[in-house]
Each structure stands twice: as C-alpha cells, then as structure tokens.
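Let me begin by presenting the structure, written as structure tokens, before commenting on it.
In this note's numbering, the protein residues as written are 906 to 1122.
In structure tokens form, the structure reads like this:
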C-alpha cells in the first residue's frame, strides 16, 4: 500500500489565518523529572490542515461530532487547477473535464499548488476560489466534502465568508483547508480519509488527511 500524507505539521511558528493566535506547545512533564514527556497544546480549532462543518457558520447546524465517522472517509479526486494565476477563478469546467470520475467521488480536492508557498507571506495572496457555478455544482452533488491547498474557501478579503455561508446554509458537507501534496495523487479516484478530533459541539478541528493506493501485484 502506498500512503501520501496531505497534512501540514502543527508547530508554533506555522502560518495561521490573519488575526488568529499561533499554536503553543508548552512542556508540562519532562523525561528527566517525570520519566515521560507531555505537552500542553493551545490552538484554535481551525489551525493547520483542518475541517469546517456547517456549525462553523450557522448556529443550530451540524457540528463535527454529530457527523457519522463515515463522513470522513471515501473516494477522492484531485481537480488540477494549478494553471490558474492569482485572482482567477476555479470554474465548473475544471471539474467537468474529469467526467464521471467527478460524479463518483465522495471528495473533490482542488489542487492549486499553493502549499509550496506555505511558510511565506505569498501563501496569503489572492488565491483562486470556486466561482458561483462551480460552487452550485458542489452543492447539488452528493459529496461528503471538498478540500483545498489554500487557507480558505473564500478569499481573505471576503470577511463576510460568502462561499462558506452558501455551502453550509442547508447542506451537510465538510470543507478542508490547508492541504498539501495533492499533485502526488494523480488523476484517478483514490482512497482518502480526513478524520477530525471528536470535540463536543465541534465547530472545526485539525485533521490528518491521507491518501492511499493499493499496490498492484
């Protein structure tokens, strides 16, 4: 089995959404004194490679702990949008060029190549986002989730989070942000999981997103 890690490492100096606290990892037990090591982790629920549920935007909507575990595993397809320049849009044509594969997928993961900017100010630039037609296609579909290798579903300039609100207003779906290594997954359907922490009333959670492929013998 070949496994690809699609997850950024959580550490104290990592990129976070503008205005958000960076994580802290504080030792509370050490080998020399206690015989083991333990750390106190402080961070927001939307740190690093993480997942949004509908409750992130709307009170009374589905929280992460209310989803069945089956929501976080299935078949995924990478949608290659790496040719797009800053400020351009992800269109329906980017999705439909994959034909039936896009319809059979449980997760659509949009590859923009922005994970290569991780750790620099360029990561917070004007990354491409789904346009209205592409977002409508996702909402009409039976997808468990969508994901991106950028910091948001909406542009950073959109403080109203209009795409988040449209996606989550009535649809039970998850949105994954800050993925990496999507270019390694090819153009065919593959096995994918993105399990969050099971936090009570979870409005979001870091995930360990993974792709895996059964090797042919």
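Ideal Cβ positions, reconstructed from N, Cα and C, are used throughout, including at glycine.
- Per DSSP, reduced to three states, the secondary structure at residue 941 is coil, with no helix or strand assignment.
- Counting only residues of its own chain and dropping the five nearest sequence neighbours on each side, residue 1119 has a CB closer than 7 Å to the CB of 906.
- In the three-state scheme derived from DSSP, where H, G and I count as helix and E and B as strand, residue 1002 is classed as coil.
- Out of 1094, 926, 961, the CA that lies nearest to the CA of residue 1069 is found in 961.
- Residue 1074 carries a coil assignment under DSSP once its states are collapsed to helix, strand and coil.
- In this structure, residue 1114 sits away from residue 1096, with a CB-CB distance that is not shorter than 8 Å.
- Using a 10 angstroms sphere on the CB of residue 1071, the tally of other CB atoms reaches 16 or more, which defines it as buried.
- DSSP places residue 972 in the coil class of the three-state scheme, outside both helix and strand.
- Residue 931 sits exposed, since fewer than 16 C-beta atoms from the chains shown fall within 10 Å of its C-beta.
- Excluding residues up to 5 positions away in sequence, nothing lies with its Cβ nearer than 8 Å to the Cβ of residue 964 in the same chain.
- Secondary structure within the stretch 1004-1090: the alpha helix (DSSP H) runs of 4 or more consecutive residues, fully enclosed, are 1005-1009, 1037-1045, 1067-1073 (chain order).
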